[in-house]
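The listed protein sequences derive, respectively, from chains Z and R. Under my numbering, think of the first position of the first sequence as 534, with each following residue one higher. Under my numbering, think of the first position of the second sequence as 534, with each following residue one higher.
There are 2 protein chains.
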Amino acid sequence: MNRREILKLSAASALTALAPTIAEAVEQRASTAESSVHKYDIFELPLKGPAEGNPYVDIQLQATFTLGHRTTQVDGFYDGDGNYKVRFMPDTEGHWTYTITSNNAALANKTGAFTCTAAAPNSHGPVVVRAGHHFAYADGSPYFPFGTTCYAWAHQGDALETQTLETLATAPFNKIRMCVFPKNYEYNHNEPEFYLFPRTAPISKEHPQGLNDTTQFNPKFFAHYEKLLGRLRDMNIEADLILFHPYDRWGYATLSPDVNDFYLRYVIARFAAYRNVWWSLANEFDLIRSKPTPEFTRLLLYVQQHDPYQHMRSIHYSHVMYDYASPAVTHASIQTYDFASAPTWLAAWKKPIVYDEIQYEGNIFSRWGNLSPDEMTRRFWLGVINGCYVTHGETFIDPKLSAEEAETQKLWWSHGGTLKGASPARIAFLRKVLETTTPLGLESPENPYYLNAVSRVLPSPTNSVTYTPSDPPAAILYYLDFHQPERVNIVFSPNTTYTAELIDPWNMTITPIPGTFSGRANIKLAVKPYQALRLKRIMKS
Amino acid sequence: MNRREILKLSAASALTALAPTIAEAVEQRASTAESSVHKYDIFELPLKGPAEGNPYVDIQLQATFTLGHRTTQVDGFYDGDGNYKVRFMPDTEGHWTYTITSNNAALANKTGAFTCTAAAPNSHGPVVVRAGHHFAYADGSPYFPFGTTCYAWAHQGDALETQTLETLATAPFNKIRMCVFPKNYEYNHNEPEFYLFPRTAPISKEHPQGLNDTTQFNPKFFAHYEKLLGRLRDMNIEADLILFHPYDRWGYATLSPDVNDFYLRYVIARFAAYRNVWWSLANEFDLIRSKPTPEFTRLLLYVQQHDPYQHMRSIHYSHVMYDYASPAVTHASIQTYDFASAPTWLAAWKKPIVYDEIQYEGNIFSRWGNLSPDEMTRRFWLGVINGCYVTHGETFIDPKLSAEEAETQKLWWSHGGTLKGASPARIAFLRKVLETTTPLGLESPENPYYLNAVSRVLPSPTNSVTYTPSDPPAAILYYLDFHQPERVNIVFSPNTTYTAELIDPWNMTITPIPGTFSGRANIKLAVKPYQALRLKRIMKS
């Protein structure tokens, strides 16, 4: 059995041994006009192979990428019409080589190389967990998620999708929650332009969900979806991809475990090289009655097993909270507006918490879809001040319409389009406040992750606040919620001095308070609710 | 042993047998110029007796009041300088007779009579529990408690006390929480004008709380306190008397059980005849470290045992909730602003709930003393809409003052004086809304106490509200809190028709919505948070 024959077997365990040595790779590099790719961008290798049979099932295709003594294996995928692709996102500059393995001779045993150059300007890599409760980009720059929700925006056709991207270009959001499957729910009953699996029968009396050929994929669906992923990536917006959800009429919520695995592995092969991808295994998983909770855990671990990049990974619930202490998730993606429990949860889970569903700014009758902008702004502040992150959504209809007419409206939360609410401007302001307060994130003073920038809702249960840590906070951010004290009393750490600014979250103003503060200090405030106070250390002897 | 000798023994168990017969009473009536008293007012009988020794301890004095076959026994009390008094509040019109019993011959064996006439105008009697979760006056007229808090107002001297009464005359409050003992707490460190027990030593190093002669009372203290009780009664303001509290520097929080009983029995003998008295056994009982919880229950039962009128009786906590299911209390007096739990508590305790401490409108730094007027108004609505009642308080200081200067400010919550906040006008408006919606009180539709006027916070968990009771509600009041739907969807009971009004709790407007509503109805609202909607049934076939 020669090397080529061995590769035909596509035995993953044999690959490392068969990868070209560094010397061989250098030799190969010299022989080709070598491509280059920016760090965190996608290296994509197109291949030609068989079109007959069912290549989605029949053909195995992997690639091993090597940099020095380091190797990473990725799945390739079939893209229809005899076209195959391998995608890889390099995270380190240098000379990478690769070897293709396949059970098909036309694809197998190809080798090649490329140069990974410095990251493109404004490209910071995938998001990772940092300092226990926070996030950062892979290059170390800060990432504070300020997300929004457009569940079905990728299934609305070019015109509306283009409008959504235009809206996002000037919106404050750097994460978007979006479904891979189309959505069937109030205000959203349209058929998608593309189906993920070929449809073999439409919805009918005989087939209430129609029929899907779940042994194949529809390359057009994926090409379209990837175009949107790429557009989001280029705007530095994380795509929090919802892999399963209960709002279904096409049969996607009731696929068999084998088909779910088949779907996930294909999605990972195609999407994982986009640095801005997050995996949200499900929206409201507990409403998907066909799968018990352990099956969701198995699917989370399946994603973890196949994702070469270990993208952020979580699952979102409706009523029954997932056990976010589980190692199957990288962060908590919660549906609640209980912010008082955040310190307890942070301590218990030791992970970042994203309040991914806190209800939506809007005016529809459904209880979750008619927050005032003031309340939405308040919830963002409460989340951030508790050391967590918060996700926006918006559900406005034209009040002049009848209920039937309103059903045809485009709501940001489902379709994308344009934003009508007053909270996004305030969320942009909060994001700016956070970014100019700390590069690391806020923690309440009692939290074990001491980040040098603390925050809390004031007044606290004790009537004065005392700071005596050995490393006094560089910045302190207070939010006063519905309280309106005329002063706060603070006992600063010895030998530290602070400046103070009064922040108005609704009017979006930051007003310096004259003087500097140290020792046992009284700081005068406006007698007005929903204000914030920021302190910055200017001296430490 | 003749009758006089037996009465000297003052054996309560023997009294009924020894009371004059109806025939005897009629006979006595003819022999004296008989006084008359309005129902629910105080019949007071002055008596002369011994001044030597310690009459507070030595002299026993009771009276038995008789109307036909009905008798009621009350304690008399010593009022200093050889003066004794018996007080009685008759609750039924007619010819009442009485017999005095005592262990002292000068007091014992007196008999007499008076005529109880109709209640004075605007006098409705003591408050009682009605329909499980609500209150009424004894004459059956509705009583919706809208209380306020002036803990130490009765210890501030005539000038400020007069100002407090003037403020109350035009304020919306018909209940006031007030301490019997003076108060030692932030912003309130003054010595009281009168001490309840004679002071035998001032506060000193040797006696950190001074010394009290707890075998005697100070009649001047009580005369002053009763003057205030009477003024409140004449304004139809219930005096929610706090019998114990932890804010002490004079030794009142650490009296022995015997002294506590001695104090309670004397207080009941003097105050219980005021129809507007409620017994709040303690404020923040769990902060009074000298008494375990069972001792508070014993004291509650002691009050119940000695109070001839069974006035409203409860106890208020700080952190550890009292078991309000206990028969020792007539209603719950809670410290929380958790309104979502109200339906559960109402169902569990089967008693009215008064949210007696929901924090205060104000601007002081203490977390409980700086609510915005908007938030105070919101909490009142949330309490009422959940079928409960709410108590106001206010803590404003002049922000131009230093912390030391501010300590001398008069705060309504502690001293009384004048009101500065913006919430009382809105509370008055809510009271008017409630009084013009239902004479009986509001209940959520799920509550077992069906009162024909229901209420709930909308939107509810289900997206449309359906009414199908056999007796459809005469009125429905919704509060929308931070929600701002452009419409509500309601399915009314068959064959009923309603009118609708949009209520703005802050701007205090009631705006009719054109048209009438029946069947499956959409009612259009303002897209604005913190609104209310009132529906009134105009037809039922």
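Positions of the beta carbon are idealized from the N, C-alpha and C atoms, including for glycine. In this text, all values refer to a predicted model and were calculated from it rather than measured experimentally.
For Q1017 (chain Z), the nearest CB of chain R lies under 8 Å from its own CB, placing it at the interface with that chain. The way I'd put it, the region 808–827 of chain R does touch the region 852–864 of chain R; three or more beta-carbon pairs between them come closer than 8 Å.
At the C-beta level, S813 (chain R) and L776 (chain R) come within 8 Å of one another. With a threshold of 8 Å between beta carbons, S899 (chain R) makes contact with chain Z. Around the beta-carbon of P1018 (chain Z), 16 or more other beta-carbon atoms lie within 10 Å, marking it buried. Here T869 (chain Z) is not bridged, per DSSP, to any residue. Contact with chain R is found for D907 (chain Z), since one of that chain's Cβ atoms lies less than 8 Å from the residue's Cβ. Rounded to the nearest angstrom, the gap between the Cα atoms of F913 (chain R) and A961 (chain R) is 11 Å. DSSP places H571 (chain R) within a strand segment (E or B) once states are collapsed to three. Contact annotation: in the region 934–967 of chain R, residues whose CB is within less than 7 Å of a CB in chain Z are A936.
Pairing S1026 (chain R) with T1001 (chain R) gives a Cβ-Cβ distance under 8 Å.
Distance between V998 (chain Z) and T747 (chain R), taken at the CA atoms: about 41 Å. Of all alpha-carbon atoms in R:R798, R:P715, R:R846, the one lying nearest the alpha-carbon of A772 (chain R) is that of R:R846. If you look at H667 (chain R), you'll find it in the beta strand (DSSP E) that goes 667–670. Here the region 623–643 of chain R lies against the region 594–607 of chain R, with 3 or more beta-carbon pairs under 8 Å apart.
Comparing alpha-carbon positions, the option among R:A584, R:W629, R:R603, R:T625 lying closest to N616 (chain R) turns out to be R:A584.
When the alpha-carbon of N1055 (chain Z) is set against those of Z:V1021, Z:A958, Z:E577, the nearest one is in Z:V1021.
Classified as buried, V917 (chain Z) has 16 or more neighbouring CB atoms from the shown chains inside 10 Å of its CB. Here D791 (chain Z) is not bridged, per DSSP, to any residue. When DSSP states are grouped into helix, strand and coil, P579 (chain Z) belongs to the strand group.
D1014 (chain R) is not a Cβ neighbour of L904 (chain R), given a cutoff of 8 Å. In the DSSP annotation of this structure, the continuous segment of the alpha helix (DSSP H) that includes V836 (chain Z) starts and ends at 826–839. Nearest Cα to T951 (chain R) within the set R:L580, R:A702, R:T648: R:A702. Neighbours of R1020 (chain R) across chain Z, judged by C-beta separation under 8 Å: F898, P932, A936.
Collapsing the DSSP output to three states places K1069 (chain R) in a strand. Per DSSP, the beta bridge partners of F647 (chain Z) are Z:S568, Z:W629. Nearest to D614 (chain Z) by alpha-carbon distance, out of Z:H628, Z:G601, Z:W629, Z:Y589, is Z:Y589.
Annotation: the continuous alpha helix (DSSP H) that includes K760 (chain R) extends over 752–767. Scanning R:D781, R:T971, R:G784, R:E759 for the CA closest to the CA of L774 (chain R) turns up R:E759.
Collapsing the DSSP output to three states places K943 (chain Z) in coil. A straight-line Cα-Cα distance of about 6 Å links Q837 (chain Z) and Q843 (chain Z). Neighbours of V662 (chain Z) in chain R, taken as residues at a C-beta separation under 7 Å, are lacking, since the least C-beta distance is about 32 Å.
Taking C-beta separations shorter than 8 Å and ignoring five residues to either side along the sequence, the partners of C921 (chain R) in its chain run H666, F872, A875, L879, P885, I886, V887, Y888, following chain order. Look at the beta carbons and you see the region 669–679 of chain R not touching the region 729–742 of chain R: under three pairs across the two are nearer than 8 Å.
Separation of the CB atoms of P841 (chain R) and A805 (chain R) is rounded to 6 Å, and the pair is thereby assigned contact status at 8 Å. Secondary structure of W1039 (chain Z) (DSSP, three-state): coil.
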